[in-house]
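Residues -11 to 339 (the numbering used here) are what the sequence shown spells out, left to right. No residue lacks a Cβ here, since even glycine has one placed at the ideal position from N, Cα and C. Please read all numbers here as calculations on a predicted model, not as lab measurements.
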Amino acid sequence: MSRDIARVQARRELNHSVLDPMARLPLELQSHIFLCVEHKSNFERKADPHDVPVVFLNVCHLWHVIALSTPKLWTEIKIDSLPRSTNYITLYKNWMERTGTLPLSLLLGGFLDSKDTFGDLVKQHQDQVQSLTLRWKLPSYPHPNNGKSVIYIQRCFPSLQKLAIYAKGNDVYASEEVLNEEEDLLDSVPLTLTSLEELRLGQPQLHDFRSKADVAILQYLSLPALRKLSLTFFGIDSDVDVVVSFFNRSSLPLESFSLSLGHVWPEGFAKRCLRSLPTLTVLELCSQSNEFSSFVTILGTSFNLFPNLRALSLATFDTVAIDYTAVLQMLNMRRSTLLRKFQVYLEETLL
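Now the structure itself:
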């Protein structure tokens, strides 16, 4: 009887391989095809039964096997808000388990109002998380616990290499209960994160100044391995003091710096902030209405400022914010340096 069943199953598999071209391919190639089907970034991927990669599990047995045999399919996940139903908690847990030991990228957004559920979801895989994006509802004003929450994040994810935090003004603050600081933290001792290589606070884009960062977070951190930093803030003196102190404390090997400022260009900003970044190769400055001429002049007269600079981008709403004579002089002076790319963006109609 068992031989007959085995014969029938073998015949069925043979027929299936004839009818289905996918079945004749090696598993490695099948997995590669599935990875090519991925069309959404980790900002969109979520545990939706009707979306890639979960939908692969329900097409047929072969696709089910391929999906489960391709851990890289499951390394990115978006959680809009912490699930309240047992089914979704199980779905998220199963998703993470399918990654095996590969690095994880998480995007947490919406209202995450249960610290216990959050910890229960990620505790089995916290050592795998290397990229974390937070899109929670944050206040339009600095909150005293925001920086300490970052310390809690790092303690949750010791292997974290990339961290992005987005906040929109006038939204309701709801993340404190989830990423609450531990009571034994010492405010006077900044936390050193030796693995973090990329940090994004706010979205440094000319078109969206509603998204801004609470740069007070930086007073709690020392990031000696940081290579890429993106900040959005309004350039008040207290913010500049925090940023300058952070640069001096961390001795950054920073290669790329993107900065979006509000209406105020702080006094001596270029000298105070930017002179402490000798390893910089990419610099992007964006402002609503700022005077770039002084910075361009300094850049054209001091080769000690950014000696390794390869790409420079300036963006502003104000068409008179850039002195093009100073720009031409700067480019002429920098001909013998490593500068290979220079861009200017003017958006006077977006105010």
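Own chain residues within Cβ distance below 7 Å of Ala55, not counting five before or after: Your numbering for residue 55 matches position 67 in the sequence shown. The answer, listed in chain order, is Phe22, Pro41, Phe44, Leu45 and Leu61.
Rounded straight-line distance, which links the Cα of Ser147 to that of Leu206: To locate residue 206, count along the sequence shown from 1; it is residue 218. To locate residue 147, count along the sequence shown from 1; it is residue 159. Cα-Cα distance, rounded: 19 Å.
Option nearest Val315 by Cα separation, candidates Phe291, Thr304, Phe283 and Thr325: As a first step, residue 315 is located in the sequence shown; it is residue number 327 there, counting from the start. Considering only alpha carbons, the answer is Phe283.
Distance CB(Ala303)-CB(Cys261) smaller than 7 Å: Stepping through the sequence shown from its first residue, residue 303 is reached at position 315. Stepping through the sequence shown from its first residue, residue 261 is reached at position 273. No.
Top-ranked residue by Cα proximity to Ala346, from Arg123, Phe145, Thr180 and Leu179: As shown, the chain starts at -11 and ends at 339. That puts residue 346 outside it, with no answer to give.
Cβ shell of Ser264 (< 7 Å), same chain only, five flanking positions each side left out: Here residue 264 refers to the residue found at position 276 when the sequence shown is read from its first residue. Contacts found: Phe235 and Asn236.
Closest residue to Ser290 among Leu319, Glu64 and Val270 (Cα-Cα distance): In the sequence shown, counting from the first residue as 1, residue 290 sits at position 302. Restricting attention to Leu319, Glu64 and Val270, the CA atom closest to the CA of Ser290 is found in Leu319.
Residue from Arg188, Pro241 and Leu287 with nearest C-alpha to Ala213: Walking along the sequence shown from the start, residue 213 turns up at place 225. Nearest neighbour of Ala213 by Cα position, chosen from Arg188, Pro241 and Leu287, turns out to be Pro241.
DSSP state of Lys60 mapped onto helix, strand, coil: Sequence index remark: in the sequence shown, residue 60 carries index 72 (1-based). Reduced to three states, the DSSP call for Lys60 is helix.
Assigned secondary structure, Phe291 (DSSP; H/G/I helix, E/B strand, else coil): Residue mapping note: residue 291 aligns to position 303 of the sequence shown, counting from 1. In this structure, Phe291 counts as coil in the three-state DSSP scheme.
Collapsed DSSP secondary structure at Cys274 in the structure displayed: Position 286 of the sequence shown holds residue 274. Strand at Cys274.
Contacts around Asn168, its chain only, beta-carbon distance under 6 Å, and the 5 residues preceding and following it disregarded: Residue mapping note: residue 168 aligns to position 180 of the sequence shown, counting from 1. At Asn168, the pLDDT of 41 sits below 50, so the modelled position is not reliable and the matter cannot be decided from this model.
Residues bridged to Ser218 [DSSP beta-bridge criterion]: Reading the sequence shown from its first residue, position 230 is the one you call residue 218. In DSSP, Ser218 forms a bridge with Arg188 and Ser246.
In DSSP terms, what Val332 is bridged to: Walking along the sequence shown from the start, residue 332 turns up at place 344. Answer is Leu302, bridged to Val332.
Counted within 10 angstroms of its Cβ, other Cβ atoms place Val160 as buried (16 or more) or exposed: The residue you call residue 160 lines up with position 172 of the sequence shown. Confidence is the limiting factor: at Val160 the pLDDT is only 32, short of 50, which leaves the residue's position unreliable and the question unanswerable from this model.
Ser281 versus Ser248, Arg322, Gln317 and Arg298, residue with shortest Cα-Cα distance: If you number the sequence shown from 1, residue 281 lands on position 293. Among Ser248, Arg322, Gln317 and Arg298, the Cα nearest to that of Ser281 is on Gln317.
Extent of the continuous alpha helix (DSSP H) run through Ala314: In the sequence shown, the residue the question calls residue 314 occupies position 326. Where Ala314 is concerned, the enclosing alpha helix (DSSP H) stretches over Tyr312 to Met321.
Endpoints, the beta strand (DSSP E) within which Ile153 is located: Walking along the sequence shown from the start, residue 153 turns up at place 165. Element bounds for Ile153: Lys150 to Ile153.
DSSP bridge partner residues for Ile67 (one or two, in chain order): Translated into the one-based positions of the sequence shown, residue 67 becomes position 79. Partner(s): Leu96.
Exposed unless 16 or more other CB atoms sit within 10 angstroms - verdict on Gln112: Numbered from 1 along the sequence shown, position 124 holds the residue referred to as residue 112. Exposed.
Assumed close pair Leu300, Leu326 - CB separation to whole angstroms, cut-off 8 Å: On the sequence shown, position 312 is the one that residue 300 refers to. On the sequence shown, position 338 is the one that residue 326 refers to. No, Leu300 and Leu326 are not in contact; Cβ-Cβ is about 11 Å, not under 8 Å.
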